[in-house]
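Written out below as C-alpha cells is the structure these notes cover.
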Amino acid sequence: MDTPPRDEARLAHLLLKPARPLEIKLAWASVLISAALFLVALPFAGVQLAHLPAFVPVWLTALIISDLVTAVMLYGQYYALRSRALLVLAAGYLYTALSTVGYTLTFPDLLGTGGLFSGGPQSTPAMYMLWHAGFPLVVMVYALLKRESVEIKPAHLLPRARGAIMGSIAVVALLVAAGLAVAVLGHAALPVVLQGNVVTPAGHRWLFATWALSVVALGVLWLRRPHTALDVWLLVVMCVWVFDVALAAVFNTGRYDLGWYAGRAYGFLAACGLLLVLLSEHTRSYARMVRLSADLRIANEQLWRISMQDGLTQLANRRAFDKYLLEQMAVNARQGRSLALLLVDVDHFKAYNDLYGHQAGDDCLRQVAAALRACCRRPSDLAARYGGEEFALILPDTEALGALHVAKAVRAEVLHREVPHAHNSTGPHVSASIGVAVVRPVQSTTVEPLLAAADAALYQAKSRGRNQVVCADAAADGRPEAMSADRAGAALQLQP
C-alpha cells in the first residue's frame, strides 16, 4: 500500500518519525562500544601524557564547526515544523558552539599569555562548567517539550519562524556573553577548580555536580517516551557526553592526562553524532524529494491526459481545443498572423453505428483521428475531438490556400484508410466533410466568428453532397460569411 502524502511528509522529519529497528540497533551498538572504551580507559584516567599544544586548537575548532552546523540544520527543521522542542535543541547546540568559543578565548597560552581574555586561572574551568551544564539543561527542556502536537501544515498557516530564530540566537549570545563576563571579570569570586593543571578537591565536587546534571538529563530524556528517531540519537549523544565529562573532569587528575585526552575525544564524538544523523537524513530526504518529483511529473502527465486528452482517440479534447484556440487568437491579434480552423465531420456516422455497432464506430473514430494526426505536420498544429463524430484542426499562421491544402490532405487520408461504410452516400468507404474558416490578421480577438464561419462552411459541404471541402471567412463584424458558390468551387479546384 502506498504511503499517503501526509504520512510521507511526517516521515521526512526526525522529530516525527518513529525510530526504525535498524536505528535502534545502531544506537545500542554505539552506546555499548562507547561504554566498553570508557571502562577500559577509566583505570588509567589519571595517567599523565605528553602536552600537545596543537591538539587543543584543532579539537576546539572541530567542536565549534560541528556544533554550528548542527544548530543550523536544527533551525532548518524548526523552520519546517515550528516545533518549540526543535527550537530549544537548536539553541542548545548554538549555545555549546558559542560557549566553546568562550572557552577558547580563556584557555591558557592558546591565543595569548593566559588566554586572550586572561581573567585568571579559574576562568577556563568556569567556562567549561557553564558549557557542560547548559547543554544538559537544554536537553531536559527539549524532552519536556517534545510531546507537544506537531503537524505538517501549509506555509501560510504556520506561525512566523524568523523572529523566533533570531530571538533565540540573541538570547543564547547574551547568555554566553554574560557567562564569559562572569568568568573573566569575576574570576576572583570563582571557586578554585584548578591549581596549575591539577584539579582540586573542591574542583572535583563542582565538576561532579556538572556531570550529575548530564546524568539527570539522560534520565529525563530516556523517560520521556515514546522515542522518535531524533530522541534515539540524542540519547546516544548524551551517553557519550556523560562519558566525556566523567573521563575529562571527574575521574582524572587534571589537564593533559589520559582521561583529559579521552574525554576530549568523546566530546568530539558527541558533537559529531547528531550532525552525522542529520546529514544522513538530509541525504535520504533529498532522495525522497527526487523520487517524489519524478512521481509528481508522472502524475502531472496523467492529469494532463485526463483533463486535456480525449480518452477514445488520444487527440486533444474539447477543453484543450478551447484553451488553445483562445491562445492562438490572442497571438493572431498581437502578431498580425492568420489563423485557420478546420471542422471535420464523419459522413453518415449514425448510419455507420447502426449498421456496424458502437465498437466498430469507436474504431472508425480512431481511424479518422489517426488521419488527422498524420496531417498535422507542424508542432503548432493541434488536432482535437470537437464532439461526437466531429473533429477540429487549429492551424496557426496559415492562410486560406494553405488551410485548403491541409483540408484536402485530411479528406484524402480518411478515404485512403478504406474503412468500409455500406450506407455512405459518397462511396463504399468512410468519408469526411470539412469546413474551413480563416481569420485574417488583427481582425478579431474572439473565437465565436471563427467557429461560426467554420461551422457554416461545414454545413455547406454537407448540404452539397458531403466528402468535400468548403472554405469561409470570419467576417470583421463578427458574423460568419461563407464563401459564394463560385469561390467554393474555385477552392475545390485545388483538389485533384
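Take the sequence shown: its position 307, counted from the start at 1, is 291 in the numbering used here, and no numbers get skipped.
Every residue, glycine too, gets a C-beta built ideally from N, C-alpha and C.
None of these values were measured; they are calculated from a predicted model.
Comparing alpha-carbon positions, which option in A74, V398, A456 and G386 lies nearest G419?
Translated into the one-based positions of the sequence shown, residue 419 becomes position 435. Out of A74, V398, A456 and G386, A456 has the C-alpha closest to the C-alpha of G419.
Same chain, Cβ closer than 7 Å to T297, neighbours up to 5 away in sequence not counted
Numbered from its first residue, the sequence shown carries residue 297 at position 313. Contacts found: L349, R350, A353 and R369.
Three-way DSSP call (helix, strand, coil) for A69 in this model
As a working mapping, residue 69 is identified with position 85 in the sequence shown. Of the three classes helix, strand and coil, the one that applies to A69 here is helix, per DSSP.
Unbroken alpha helix (DSSP H) run spanning Y443, endpoints
As a working mapping, residue 443 is identified with position 459 in the sequence shown. Looking at the DSSP string, the run of the alpha helix (DSSP H) that includes Y443 is E432 to S447.
Span of the beta strand (DSSP E), counted from its first residue to its last, around A367
Residue 367 sits at position 383 when you count from the first residue of the sequence shown. Note, A367: beta strand (DSSP E), L366 to G371.
Quick check on DSSP: helix, strand or coil for F375?
Position 391 of the sequence shown, counted from the first residue, corresponds to residue 375. Strand, per DSSP.
In the DSSP assignment, the beta strand (DSSP E) including V234 goes from what residue to what residue?
Position 250 of the sequence shown, counted from the start, is the residue given in the question as residue 234. From DSSP, V234 is part of no beta strand (DSSP E); its letter is neither H nor E.
From P109, L434, L435 and T410, residue whose alpha carbon lies closest to that of S447
For this step, residue 447 is matched to residue 463 along the sequence shown. For S447, the nearest C-alpha among the options comes from T410.
Beta-carbon spacing of T108, A167 below 9 Å:
Translated into positions along the sequence shown, residue 108 becomes position 124. Translated into positions along the sequence shown, residue 167 becomes position 183. It is a contact, given that the beta carbons lie within the stated cut-off.
C-alpha gap between M57 and A358, whole angstroms:
Within the sequence shown, numbered from 1, the residue matching residue 57 stands at position 73. Within the sequence shown, numbered from 1, the residue matching residue 358 stands at position 374. Cα to Cα, M57 sits roughly 56 Å from A358.
Do you know how far the Cα of H407 is from the Cα of N316?
Numbered from its first residue, the sequence shown carries residue 316 at position 332. Numbered from its first residue, the sequence shown carries residue 407 at position 423. Those two C-alpha atoms are separated by around 41 Å.
So the candidates are R450, G449, V422 and N451; which of them puts its Cα closest to the Cα of A438?
On the sequence shown, residue 438 is found 454 positions in, with the first residue counted as 1. The option with the nearest alpha carbon to A438 is V422.
To which residues of the same chain is Q32 closer than 7 Å at the C-beta, ignoring the five residues directly before and after it?
Walking along the sequence shown from the start, residue 32 turns up at place 48. Closer than 7 Å at Cβ, skipping near neighbours: Y240 and D241.
Counterpart residues of C223 in DSSP-defined beta bridges:
One-based indexing of the sequence shown puts residue 223 at position 239. Beta-bridge pairing links C223 to no other residue.
Evaluate contact between the stretch 155 to 169 and the stretch 180 to 196, counting only Cβ atoms and requiring at least three cross-stretch pairs below 8 Å.
When C-beta atoms of the stretch 155 to 169 are compared with those of the stretch 180 to 196, fewer than three pairs fall below 8 Å, so the two segments do not count as touching.
C-alpha distance - A173 paired with I8, whole-angstrom precision:
Position 189 of the sequence shown, counted from the first residue, corresponds to residue 173. Position 24 of the sequence shown, counted from the first residue, corresponds to residue 8. Each residue's alpha carbon lies about 46 Å from the other.
Coil, strand or helix - C256 by DSSP:
What you label residue 256 is simply residue 272 of the sequence shown in a count that begins at 1. Correct three-state label for C256: helix.
How many Å lie between G147 and R66 at the Cα?
Along the sequence shown, read from residue 1 onward, the residue named residue 147 stands at position 163. Along the sequence shown, read from residue 1 onward, the residue named residue 66 stands at position 82. About 12 Å.
Which residue marks the beginning of the alpha helix (DSSP H) containing G203, and which one marks its end?
If you number the sequence shown from 1, residue 203 lands on position 219. Segment P185 to L207, the alpha helix (DSSP H) holding G203.
What are the residues that DSSP puts in a beta bridge with Q293?
Here residue 293 corresponds to residue number 309 of the sequence shown, with the count starting at 1. Beta-bridge pairing links Q293 to A300.
To the nearest angstrom, how far is the alpha carbon of R4 from that of A19?
Residue numbering aside, residue 4 sits at position 20 when the sequence shown is read from its first letter. Residue numbering aside, residue 19 sits at position 35 when the sequence shown is read from its first letter. Whole-angstrom Cα-Cα distance: 23 Å.
So L23 is in the alpha helix (DSSP H); what residue range does that whole segment cover?
The residue given as residue 23 occupies position 39 in the sequence shown. Counting along the chain, the unbroken alpha helix (DSSP H) around L23 starts and ends at P5 to A25.
Could you please give the first and the last residue of the uninterrupted alpha helix (DSSP H) stretch that includes D329?
As a first step, residue 329 is located in the sequence shown; it is residue number 345 there, counting from the start. Run containing D329: none in the alpha helix (DSSP H); it sits in the beta strand (DSSP E), L323 to V330.
Would you identify the three-state DSSP class for H211, choosing helix, strand or coil?
If you number the sequence shown from 1, residue 211 lands on position 227. In the structure shown, H211 sits in coil (DSSP, three-state: anything other than H, G, I, E or B).
DSSP three-state call for H413: helix, strand or coil?
Numbered from its first residue, the sequence shown carries residue 413 at position 429. Looking at H413 - three-state DSSP - the assignment turns out to be strand.
What residue does the alpha helix (DSSP H) around C360 start on, and which one ends it?
Numbered from its first residue, the sequence shown carries residue 360 at position 376. That residue, C360, is in no alpha helix (DSSP H); it is neither H nor E in DSSP.
Output the distance between the C-alpha atoms of P2 and V24, rounded to the nearest integer angstrom.
For this step, residue 2 is matched to residue 18 along the sequence shown. For this step, residue 24 is matched to residue 40 along the sequence shown. The straight-line gap from Cα to Cα measures roughly 33 Å.
Contact defined as beta carbons within less than 8 Å: I believe V398 pairs with S415. What is the distance between those atoms, to the nearest angstrom?
Here residue 398 is taken as the residue at index 414 of the sequence shown, counted from 1. Here residue 415 is taken as the residue at index 431 of the sequence shown, counted from 1. With 8 Å as the limit, V398 and S415 qualify as a contact, their Cβ atoms being about 6 Å apart.
Please go through the same chain and pick out, in chain order, the residues whose beta-carbon is closer than 6 Å to the beta-carbon of L78, but skip the five residues on each side of it.
For this step, residue 78 is matched to residue 94 along the sequence shown. Excluding residues within five positions, the ones whose Cβ falls inside 6 Å are A55 and V156.
If I'm right that A391 touches V453 with Cβ under 8 Å, what's the distance once you round it to whole angstroms?
As a position in the sequence shown, residue 391 is number 407, starting the count at 1. As a position in the sequence shown, residue 453 is number 469, starting the count at 1. That belief holds up - the Cβ atoms of A391 and V453 are roughly 4 Å apart, short of 8 Å.
Work out the CA separation of A230 and L284 for me, nearest whole Å.
Along the sequence shown, one-based indexing puts residue 284 at 300. Along the sequence shown, one-based indexing puts residue 230 at 246. Checking the sequence shown, residue 284 turns out to be Asn, not Leu. About 58 Å.
Which same chain residues end up closer than 7 Å to L70 when comparing Cβ atoms and leaving out the 5 residues on each side of it in sequence?
For the purposes of this step, residue 70 is identified with residue 86 of the sequence shown, where counting begins at 1. Answer for L70: L(-1), L58, Q61 and Y62, listed in chain order.
With DSSP run on the structure shown, which of helix, strand or coil describes K1?
The residue you call residue 1 lines up with position 17 of the sequence shown. Coil.
Which whole-angstrom value is the C-beta distance of V220 and G243, which I expect to be below 8 Å?
Along the sequence shown, read from residue 1 onward, the residue named residue 220 stands at position 236. Along the sequence shown, read from residue 1 onward, the residue named residue 243 stands at position 259. Not a contact, Cβ separation roughly 21 Å.
Residues that Q532 bridges to, as DSSP identifies them:
What is shown of the chain runs -15 to 480, which leaves residue 532 out entirely.
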